[in-house]
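Here the protein sequences come in this chain order: W and X.
FYI, in numbering that gives the first Met the number 0 the residues of the first sequence are 0 to 148.
FYI, in numbering that gives the first Met the number 0 the residues of the second sequence are 0 to 148.
A short write-up of the structure that comes next.
2 protein chains.
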Amino acid sequence: MEADQDFAAILRDSGNRMTGPRRQVWEVVRLADSHLTAEEIAARVHAKDSTVNLASVYRALALFSDLELVRESNLGDGDAARWELAHPDEHFHLVCRRCGAVDHHVGRLVEEIREHLSGGHDFYAENIELVVTGLCQRCATISEQPIRP
Amino acid sequence: MEADQDFAAILRDSGNRMTGPRRQVWEVVRLADSHLTAEEIAARVHAKDSTVNLASVYRALALFSDLELVRESNLGDGDAARWELAHPDEHFHLVCRRCGAVDHHVGRLVEEIREHLSGGHDFYAENIELVVTGLCQRCATISEQPIRP
DNA sequence: CTCCTTGCAAACCGTTTGCAATCGA
DNA sequence: TCGATTGCAAACGGTTTGCAAGGAG
């Protein structure tokens with residue numbers, strides 16, 4: 000399929016080799032329903048090939064990040080980083096502090112922030128990370144007691 | 000001084016004790032010129048009392064965070080968390096990817112984000128963390144080679 | 001006198017790294 | 001062939017925790 004050819008070409012053109020671990024990590028991230036942690040990605044890769052090591056997943060993700068194929072998000076605290084396809088759309092994350100659910104929201108907000116920053120600040124913004132913590136609809140109606148303290 | 004009385008009162012009223020480590024961590028954070036890591040806070044506390052342990056600094060910061068006296072910021076990657084007085088003003092962080100400098104910028108932007116979120120989203124926003132990564136003025140003019148790769 | 005708080009050291013957890021073996025081009 | 005890449009296991013760095021000793025109220 001086309002995306003795979005692109006992927007292979009990007010690897011080749013950047014002087015990197017196409018390998019099993021890389022192909023599988025790419026497939027998982029590409030088909031992911033949401034932002035996954037490295038462990039989650041490794042688990043899904045494992046389902047297809049149990050010999051792939053977690054370290055290789057990290058290395059593949061780091062490479063893809065350099066190639067701007069994927070993007071890393073840090074949602075605060077000691078939580079593990081999340082990985083997603085690079086920029087299907089600029090979006091931000093909504094993290095529920097009670098149930099831990101991570102939602103993402105696409106909209107113009109990040110673009111507006113980028114525009115806001117482009118004037119007046121002595122800073123060249125490249126990456127904008129917006130994380131909103133609070134309560135999701137369901138948790139807000141149920142209780143204030145945190146599930147994960 | 001008044002702020003210290005407030006501090007003591009807040010501790011007492013919340014059922015916590017006033018102790019040396021807590022007072023000193025509070026002083027450091029209150030007088031800080033910028034957002035400090037736990038290690039930096041510990042170092043400054045150490046200058047006054049070298050018996051205070053890093054673990055106690057973390058425990059004091061966690062307590063102050065619960066009491067909403069301070070606020071934790073995670074600036075991404077494996078970087079250490081930063082701590083600052085809770086809400087002198089809503090602001091966001093500018094992190095230079097080359098020299099690592101962390102600047103903060105006060106303005107209406109975070110308020111605007113909060114307003115934006117208040118309509119339409121099925122989410123009750125409590126905390127907004129905006130981290131902008133890029134190049135500071137100086138690094139942008141010097142080189143593209145990252146100092147810290 | 002209580003029991004909250006501390007210092008200490010060890011555990012923890014996500015992530016990174018050194019190394020020899022392996023594999024892609 | 002030969003260097004890039006991997007699996008493995010150990011290291012790393014920031015943060016947390018169990019525990020006995022110490023200190024606040």
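Note that beta-carbon positions come from the ideal geometry of N, C-alpha and C, so glycine has one too.
As the structure is a computational prediction, the values presented were derived from the model and not from experiment.
Neighbour flag for residue i against chain X, beta carbons, 8 Å
{"i": "Phe122/W", "result": "yes"}
{"i": "Ile141/W", "result": "no"}
{"i": "Ile112/W", "result": "yes"}
{"i": "Leu108/W", "result": "yes"}
Close Cβ partners of residue i (< 6 Å) along its chain, the five nearest in sequence each way excluded
{"i": "Leu116/W", "result": "Ala124"}
{"i": "Arg21/X", "result": "Ala59"}
{"i": "Val105/X", "result": "Asp88, His90"}
{"i": "Arg96/X", "result": "Thr132"}
{"i": "Ser55/W", "result": "Pro20"}
{"i": "Phe63/X", "result": "Val69"}
{"i": "Thr18/W", "result": "none"}
{"i": "Trp25/W", "result": "Phe6"}
C-beta neighbour in chain W for residue i, strict 8 Å
{"i": "Asn73/X", "result": "yes"}
{"i": "His115/X", "result": "yes"}
{"i": "Ile127/X", "result": "yes"}
{"i": "Cys135/X", "result": "yes"}
{"i": "Pro148/X", "result": "In this prediction, Pro148/X has a pLDDT of 41, which is less than 50 and means its spatial position is unreliable; nothing more can be read from the coordinates."}
{"i": "Leu10/X", "result": "no"}
Beta carbon of residue i nearer than 8 Å to that of residue j
{"i": "His103/X", "j": "His45/X", "result": "no"}
{"i": "Ala85/X", "j": "Leu68/X", "result": "yes"}
{"i": "Ala37/W", "j": "Ala79/W", "result": "yes"}
{"i": "Arg13/X", "j": "Leu53/X", "result": "Here the sequence assigns Ser to residue 13/X, which means Arg is not the residue at that position. No, the Cβ-Cβ distance between Ser13/X and Leu53/X is not below 8 Å."}
Sequence-distant residues of the same chain with beta carbon closer than 8 Å to residue i, five excluded per side
{"i": "Gln136/W", "result": "none"}
{"i": "Leu129/X", "result": "Phe91, His92, Leu108, Val109, Ile112"}
{"i": "Val27/X", "result": "Leu35, Ile40, Arg43, Val44"}
{"i": "Ile9/X", "result": "Leu66, Leu68"}
{"i": "Leu134/X", "result": "Cys95, Arg96, Arg97"}
{"i": "Gly75/W", "result": "Val94, Val130, Thr132"}
Other residues of its chain near residue i: CB distance less than 7 Å, five sequence neighbours each side excluded
{"i": "Arg113/X", "result": "Ala124, Ile127"}
{"i": "Gln23/X", "result": "Val44, Lys47, Asp48, Val51"}
Within chain W, the residues that residue i reaches when beta carbons sit closer than 7 Å
{"i": "Leu93/X", "result": "Phe122"}
{"i": "Asp76/X", "result": "Asn73"}
Proximal chain X residues relative to residue i, where beta-carbon distance stays under 9 Å
{"i": "Arg132/W", "result": "According to the sequence provided, residue 132/W is Thr. The question's Arg does not apply to it. Within 9 Å Cβ-Cβ: Ala124, Glu125, Asn126, Ile127, Glu128."}
Neighbour list for residue i in chain W, Cβ cutoff strictly below 9 Å
{"i": "Asp65/X", "result": "In chain order: nothing, as chain W lies at least about 11 Å away."}
{"i": "His103/X", "result": "The contacting residues do not exist; His103/X stays about 11 Å from chain W at best."}
Contact list for residue i against chain X, beta-carbon separation under 7 Å
{"i": "His45/W", "result": "The contacting residues do not exist; His45/W stays about 24 Å from chain X at best."}
Cβ distance (whole Å) where residue i is taken to contact residue j below 8 Å
{"i": "Ile141/W", "j": "Trp82/W", "result": "Actually they are not in contact, since the Cβ atoms of Ile141/W and Trp82/W sit about 30 Å apart, beyond 8 Å."}
{"i": "Asn15/X", "j": "Asn73/W", "result": "In fact, because the Cβ distance is near 30 Å, the residues do not count as touching under 8 Å."}
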